[in-house]
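The block underneath contains the structure these notes are about, expressed in structure tokens.
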Amino acid sequence: MSGLIFLPTSDLRTTITFYQSKLGMDLWLDQGDCAVLQHGNLLLGFCERSGDPFEGIITLFYETQEEVDETYQALEDLAEGPPKENEAYRIYHFFARDPEGRQLEFQTFLHDLRPYLSGRDLLETRRSIRKFKDESVAEELIWQVIELCRWAPSSRNSQGVTYTMIRERDAIDFLAGVRDSSSAPIAAAPMAVAVSADPEISGRPEEDACIAAYHLALAARLSGLGTCWIGGMNRDEVKKRLGLPLDHYLATVTPLGYPAERPEVKPRKPAESYVRFLD
Ligand SMILES: Cc1cc2nc3c(=O)[nH]c(=O)nc-3n(C[C@H](O)[C@H](O)[C@H](O)COP(=O)(O)O)c2cc1C
Numbered sequence: 045m046s047g048l049i050f051l052p053t054s055d056l057r058t059t060i061t062f063y064q065s066k067l068g069m070d071l072w073l074d075q076g077d078c079a080v081l082q083h084g085n086l087l088l089g090f091c092e093r094s095g096d097p098f099e100g101i102i103t104l105f106y107e108t109q110e111e112v113d114e115t116y117q118a119l120e121d122l123a124e125g126p127p128k129e130n131e132a133y134r135i136y137h138f139f140a141r142d143p144e145g146r147q148l149e150f151q152t153f154l155h156d157l158r159p160y161l162s163g164r165d166l167l168e169t170r171r172s173i174r175k176f177k178d179e180s181v182a183e184e185l186i187w188q189v190i191e192l193c194r195w196a197p198s199s200r201n202s203q204g205v206t207y208t209m210i211r212e213r214d215a216i217d218f219l220a221g222v223r224d225s226s227s228a229p230i231a232a233a234p235m236a237v238a239v240s241a242d243p244e245i246s247g248r249p250e251e252d253a254c255i256a257a258y259h260l261a262l263a264a265r266l267s268g269l270g271t272c273w274i275g276g277m278n279r280d281e282v283k284k285r286l287g288l289p290l291d292h293y294l295a296t297v298t299p300l301g302y303p304a305e306r307p308e309v310k311p312r313k314p315a316e317s318y319v320r321f322l323d
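Residues in the sequence shown are numbered consecutively from 45, following this note's numbering.
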């Protein structure tokens with residue numbers, strides 16, 4: 045769950061220009077007569093409306109309609125009506141009031157969004173995704189993910205990692221078949237990514253490639269995409285098929301696409317059970 049505050053403005057375009065040029069904020073979302081600007085973790089919306097410029101709407105947003113419905117069930121007594129679709133803004137939402145009368149809105153966007161997750165949300169909500177929408181990944185989004193991958197650490201900052209982006213259907217089907225049901229999720233995605241490291245460049249190709257692959261998983265999640273680490277496979281067979289040199293270390297091949305499932309959260313051990321302090 046994330047949120048933003050919408051405020052009214054009598055001149056949306058001038059307001060956007062002010063916050064962009066004077067405060068260095070990014071235009072996160074343009075909805076026509078509403079727009080949301082971003083500065084770090086601040087999402088600030090403006091809508092062309094009359095009224096007190098400080099009288100805003102506190103909007104919490106969720107990833108799915110089901111989460112909006114669940115929130116509505118929990119807050120039904122405060123809600124002004126059940127959730128419904130708003131075609132103009134491509135959202136699904138309902139309104140409520142806090143005890144002092146401030147307007148609250150609970151919604152999900154029915155379209156893709158630029159990254160907005162907090163660090164904590166990102167680390168807590170990444171799941172292995174094995175079902176994907178039948179939709180190719182927008183080129184811009186692929187580059188957004190790749191751009192974030194530049195910031196993965198590597199031994200001596202050697203940066204010897206290669207991300208092989210696989211969109212060729214034959215290659216995807218081949219990869220999906222390398223380890224029966226374990227690799228099958230690759231077939232469900234519009235593309236796959238192989239993460240490997242060159243030992244000529246990287247002093248620690250195994251560590252570098254694995255870290256880079258996990259960085260990819262987080263960057264993808266941040267950009268609204270799903271991944272799944274596919275483990276054991278005949279690495280030489282896969283490298284040959286992908287045209288990668290046999291001496292490169294291949295960490296994993298992951299499917300990449302828009303998630304079509306919200307997998308159950310697998311239980312984790314309590315933190316105390318896996319930590320030791322040597323004081
Ligand atoms: C080294 C490694 C190998 C994995 N291999 C596979 C695999 O071959 N197929 C698969 O579907 N998931 C695979 N996974 C995903 C795990 O099953 C998954 O991370 C784990 O069940 C926890 O679920 P979560 O990622 O949704 O939190 C692998 C994960 C890791 C870290």
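Using N, Cα and C, we set each Cβ at its ideal position, and we do this for glycine too.
Taking DSSP as the reference, what is the three-state secondary structure of residue 133?
As a first step, residue 133 is located in the sequence shown; it is residue number 89 there, counting from the start. It is coil, neither helix nor strand.
Sorted by chain position, which residues of the same chain lie with C-beta nearer than 8 angstroms to residue 112's C-beta, five sequence neighbours on each side aside?
The count along the sequence shown starts at 1 and reaches residue 112 at position 68. Cβ within range, chain order: 106, 127, 136, 137, 138, 150, 151 and 152.
Kindly indicate which three-state DSSP category residue 170 falls into: helix, strand or coil?
In the sequence shown, counting from the first residue as 1, residue 170 sits at position 126. Coil.
I'd like to check one pair, residue 305 with residue 175: are the Cβ atoms closer than 8 angstroms?
The sequence position of residue 175 within the sequence shown is 131, counting from 1. The sequence position of residue 305 within the sequence shown is 261, counting from 1. Yes, these two residues count as a Cβ contact at 8 angstroms.
Checking contacts by CB at 8 angstroms: is residue 249 closer than that to chain B?
Annotation note: the requested chain B is absent from the structure, which comprises a single protein chain.
Can you name, in chain order, every residue of its own chain whose Cβ lies under 7 angstroms from the Cβ of residue 233, other than the five neighbours on each side?
Taking the sequence shown and counting its residues from 1, one reaches residue 233 at position 189. These residues qualify, in order along the chain: 176, 299, 300 and 301.
Going along the chain, which residues of its own chain have a beta-carbon closer than 6 angstroms to the beta-carbon of residue 297, five neighbours each way excluded?
The sequence position of residue 297 within the sequence shown is 253, counting from 1. Once the five neighbours on either side are set aside, the close Cβ partners of residue 297 are 219, 236, 238 and 274.
Suppose contacts are defined by Cβ-Cβ distances below 8 angstroms. Is residue 270 in contact with residue 242 by that definition?
Here residue 270 is taken as the residue at index 226 of the sequence shown, counted from 1. Here residue 242 is taken as the residue at index 198 of the sequence shown, counted from 1. No; because the gap between Cβ atoms is not below 8 angstroms, this pair is not in contact.
Can you give me the C-alpha to C-alpha distance between residue 210 and residue 216, rounded to a whole angstrom?
Residue 210 sits at position 166 when you count from the first residue of the sequence shown. Residue 216 sits at position 172 when you count from the first residue of the sequence shown. Using only the alpha carbons, I get a separation of about 7 angstroms.
Where DSSP assigns a beta bridge to residue 102, which residues make up the other side?
Indexing the sequence shown from 1 puts residue 102 at position 58. According to DSSP, residue 102 bridges with 49 and 148.
Any heavy atom of ligand 3 within a distance shorter than 7 angstroms of the CB on residue 175?
Among the ligands in the structure shown, ligand 3 does not appear; only ligand 1 can be found there.
In the DSSP assignment, find the unbroken beta strand (DSSP E) run with residue 207 in it and report its ends.
Within the sequence shown, the letter at position 163 stands for residue 207. Per DSSP, residue 207 belongs to the beta strand (DSSP E) from 205-210.
Enumerated in chain order, which unbroken segments of the alpha helix (DSSP H) with a length of 4 residues or greater are wholly contained in the region 174-207?
With a minimum length of 4 residues, the continuous alpha helix (DSSP H) runs that stay inside the region 174-207 are 183-193.
How many whole angstroms separate the CB atoms of residue 60 and residue 102, which I take to be in contact at a CB cut-off of 8 angstroms?
The sequence position of residue 60 within the sequence shown is 16, counting from 1. The sequence position of residue 102 within the sequence shown is 58, counting from 1. Not confirmed; about 21 angstroms, so no contact.
With distances taken between CB atoms, is the gap from residue 74 to residue 91 smaller than 8 angstroms?
By 1-based counting over the sequence shown, the position of residue 74 is 30. By 1-based counting over the sequence shown, the position of residue 91 is 47. No.
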